[in-house]
Every structure is written in C-alpha cells, then in structure tokens.
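In our numbering, the protein residues as written are 589 to 1011.
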Ligand code: UD1
C-alpha cells in the first residue's frame, strides 16, 4: 500500500485545475442504461470510483470506453442488458446503487446488492426503495439483494414525498421516472449541483424534467431516450478542498474552473475565517486576508448549506485558527474519524456526538496518520501541509477514489509532497 509524505510549512503559489465532479459522473454514467443510443461524457475525472462504475456497467452488458486518458467516457447500452448488480462490485462503492432506477425503468426488474455499511454511517436505502414502491415497484430483500419488479412491467408516475433530501434517492427516482408512464413529482428533492447536472444530461437525451435545483422536481415520462454528449460539472468538493490549501499554508492559488455559486455557504465561512475569495476570468483566487485564521462555527446541511463532504477539510483549517470553533455534522452519524488523527498532529479537538469543538493551536506537528475515508484522508494532507515537520498519510487508496493527481496538483503550486509506493 502507498503512503503520502508531506513536509509542511511551504507557502503555495500558482494554479490548480479542477476536474469534473466525481459525484456527478457516478450518477451520469448509469443514465446510459436508459437509452439504446450512445451517451458520451466529457470532462470526466480519472478516479478509482469511476473505474468501479465502469466495471459495474460493463458487468451489466453496457459498453464503456475510456478515451483521452479517461477524460472522455463513451458509453452504449444497446442490446441485451443484465439486471443483476453483483455484491462484489456494489460493496466497493455505495453509488453503485444508482443503477437500480435505470435498470428498473428499462427492463421492468432489477436485482441490486445492498451496498452494506460504510465507514461514515449506516446509509440505508429506504428513501430509494419507498420512492420506487410509490411508482409501482414491488421490492423485497433476499440474500442481501434488493429484488425489484415493476407491476405490469412498467413503472408508473407518482407523487413522492422524501422524508429527507437524499442525493442518491433523488437521482435514482429522477432517472427511473424518465421512462415511467405518466408524471412523477419528487417533493423535498435534493438540490445539489450534481442533480442539476444529471437533469441537464437527461434533458439532452430527450427527458422531460422541470424544477431541478429546487425542492420539487417534476418528470413527465417519455417512451424512449436518445443519445447525447454531456460535459460533467466542476467538482465542487475538489474545488473546496484545494481552496483550503492556500488558506491553511499561506500564499495565493487560482483554482481553474472554480465557481462561487457551487460553494456559496462554504465561501461565506471562508470569508468569516479571514480568507479572501475572488472571481477571476479562469476561476477563483484564494489567499488569506491578513494574519491568523479566525474561528468559525459550521453546521453541515444539504445543498445550498455547508457540504458534509468539506467538513473534514474545514476542520483541518480550524485546527490552527484563533479561538474555538464548533463543527456540527448533521448528515452522517460517524463522520469525525479524522479528529483522532488530527489530535495526533497536536490539534485540540473534543468530539461529543455530532459536534466537534476545535480550539486552535499555534502550529500542528507532523506525525504518521491513517486515512479512514475519502474526505478524511485529504484533510490529513491539508493538515500536513500546514504542520511543522513530516506527516505520513497511510492507506491512501481512499484518496484515489476521489482526488486525481493530488501529488501533481499540490506540488505544482509549491507543496513538498510525494507518494511512496509500498509504504
Ligand atoms: C451523496 C454523495 C456523498 C455526500 C452525500 C451527502 C454521491 C456519490 N455521494 O451520497 O459524497 O456525502 O450525498 O451530500 O453523490 N439516507 C437514508 N435513507 C436513504 C438514503 C439516505 O436514511 O435511502 C440517509 C443517509 O444515511 C445519510 C443521509 O440520508 O445520513 C444523506 O444521504 P444521501 O443524500 O442519500 O447521500 P448519498 O447519495 O449516499
């Protein structure tokens, strides 16, 4: 297994290109199952999660060809499509459950393994399955698989009230509804930019969708969808992560392709913490306003609130802020696993249930630490960039799921960082 070694204390200057969004791409790829015609995605990120989704779609009989070093995904689902999403692939990545809606809409039945537990929380699928049941699917759990069957072979439009604005459930139901008979209304739908991106692609394929980006999405089912070419939206989580690098280390970095509207709540917190974010022709420029970072309180919320996927990285910043910050995690029940690792680096953090209290220290100190999940792993790299001495981040396979070329991107702006194989 590889480790990443970071020697802290360097100011960062230059530009970092931001990739297409992992979470958008993982929802866009299963949309190929909704049409016999080719779907091409451009601006795709080069990540192991994308390879896992490729493997899953190929196991179902779809063609997925990676072009231009993985930045273009040419997909086609003509002919026979299998309906069983196997445990061996699904267990690697929860987003595999996004094939359920499209398979059910296309074939009238699907067998999808339950993704199982995940380090950051239980993450059940009841919102997905209750929604599909409202659309006339009979769903039962057998041998660890969800067996779903549309009554009469075809899903029917329905009014679905989500108890929580689940991102994955909104995507699954929206895709299923494109080919259902009649109109589907999703109330309390998720409003994330990745939902808008998926709806934009589905519309290019001929779907009739309104209201994406609001809490009520309306989908009028059509008989068939056609092919399309779609550019994946910018990865706002990768963007936010790299915005924190000059905030933590000092210097000035331009994030190419960055947009404030993708991260408004996050940018407000950066401003309150003493970080200046300015729009440029190419993206966003980030630098400290002056002096030390100030403490801020953060509560994670569904979009447009502060993203849970940036909570760990924000905590790394607040470890050296002046004063005491409170971070409240409301989306996942177990998402503070980076805290004990940051404490190993000299941070002062007290976790009680869903709240972490962080009292800033003058300087973090390098230490060997362990990545526990995707966003936790990158928060430890950010902390290492700010720390005195060397930090070794082990178990970096988590990082490969969500950050392409992290060492190249950070060393390109002057960070002292390297990946060592087999350590
Ligand atoms: C997506 C993102 C993930 C992000 C999360 C919240 C992808 C591939 N992943 O995950 O990076 O952290 O949104 O912004 O896009 N829940 C239920 N029942 C369900 C579904 C969800 O109780 O049927 C709960 C989950 O356990 C969790 C919360 O709802 O506590 C949010 O989950 P959801 O919005 O569905 O997240 P994902 O789509 O899994």
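Ideal Cβ placement from N, Cα and C applies to all residues, glycine included.
Residue of the options minimising C-alpha distance to residue i
i, options, result
"residue 670", "688, 869, 648", "648"
"residue 997", "969, 731, 864", "969"
"residue 656", "679, 635, 630, 667", "630"
"residue 911", "895, 918, 898, 884", "884"
"residue 930", "920, 866, 974", "974"
"residue 917", "936, 945, 932", "945"
"residue 934", "622, 668, 950, 920", "950"
"residue 624", "668, 661, 597", "668"
"residue 938", "919, 914, 859", "914"
"residue 857", "898, 801, 751", "898"
"residue 721", "733, 743, 701", "743"
"residue 660", "627, 762, 645, 681", "627"
"residue 947", "971, 794, 908, 963", "908"
"residue 920", "889, 685, 893", "889"
"residue 752", "976, 764, 803, 788", "803"
"residue 598", "801, 972, 1007, 760", "972"
"residue 686", "663, 645, 726, 662", "645"
"residue 637", "680, 592, 832", "680"
"residue 980", "962, 963, 893, 1007", "1007"
"residue 867", "894, 831, 801, 663", "831"
"residue 893", "924, 824, 865, 864", "824"
"residue 768", "701, 622, 596, 662", "622"
"residue 701", "726, 733, 604", "733"
Rounded distance between the beta-carbons of residue j and residue i, thought under 8 Å
i, j, result
"residue 724", "residue 748", "No, residue 724 and residue 748 are not in contact; Cβ-Cβ is about 12 Å, not under 8 Å."
"residue 611", "residue 782", "5 Å"
"residue 966", "residue 600", "That belief does not hold up - the Cβ atoms of residue 966 and residue 600 are roughly 15 Å apart, past 8 Å."
"residue 926", "residue 900", "5 Å"
"residue 758", "residue 807", "Residue 758 to residue 807, Cβ: 11 Å. No contact."
"residue 821", "residue 1003", "About 26 Å; that fails the 8 Å criterion."
"residue 692", "residue 738", "6 Å"
"residue 735", "residue 699", "5 Å"
"residue 678", "residue 712", "With 8 Å as the limit, residue 678 and residue 712 do not qualify as a contact, their Cβ atoms being about 15 Å apart."
"residue 594", "residue 1005", "5 Å"
"residue 871", "residue 842", "6 Å"
"residue 875", "residue 828", "Rounded, the Cβ-Cβ distance is 16 Å, inconsistent with contact."
"residue 991", "residue 826", "6 Å"
Rounded straight-line distance, which links the Cα of residue j to that of residue i
i, j, result
"residue 891", "residue 862", "23 Å"
"residue 960", "residue 982", "9 Å"
"residue 590", "residue 985", "8 Å"
"residue 635", "residue 785", "19 Å"
"residue 978", "residue 873", "27 Å"
"residue 715", "residue 905", "34 Å"
"residue 780", "residue 958", "30 Å"
"residue 606", "residue 902", "18 Å"
"residue 741", "residue 652", "27 Å"
"residue 690", "residue 683", "13 Å"
"residue 879", "residue 613", "39 Å"
"residue 844", "residue 730", "47 Å"
"residue 936", "residue 887", "19 Å"
"residue 953", "residue 836", "14 Å"
"residue 852", "residue 993", "26 Å"
"residue 791", "residue 797", "7 Å"
"residue 777", "residue 658", "31 Å"
"residue 633", "residue 988", "11 Å"
"residue 877", "residue 855", "13 Å"
"residue 1011", "residue 956", "12 Å"
"residue 794", "residue 763", "12 Å"
"residue 602", "residue 665", "42 Å"
"residue 834", "residue 942", "28 Å"
"residue 860", "residue 881", "9 Å"
"residue 760", "residue 869", "35 Å"
"residue 963", "residue 805", "29 Å"
"residue 654", "residue 787", "23 Å"
"residue 924", "residue 592", "21 Å"
"residue 976", "residue 995", "19 Å"
"residue 697", "residue 663", "22 Å"
"residue 726", "residue 717", "9 Å"
Residue i at chain D interface by Cβ criterion, 9 Å
i, result
"residue 861", "This model lacks chain D altogether, as it is built from one protein chain only."
Check your understanding: If you pair each beta-carbon of the region 609–620 with each one of the region 628–647, do three or more pairs fall below 8 Å?
Key -> yes
**Study point:** the region 664–679 touching the region 746–764, judged by at least three CB pairs closer than 8 Å
**Key:** no
Review point. Is it true that the region 839–859 meets the region 803–812, where meeting means three or more beta-carbon pairs spaced less than 8 Å apart?
Key: no
**Study point:** Three-pair Cβ contact test at 8 Å for the region 763–774 versus the region 816–824
**Key:** no
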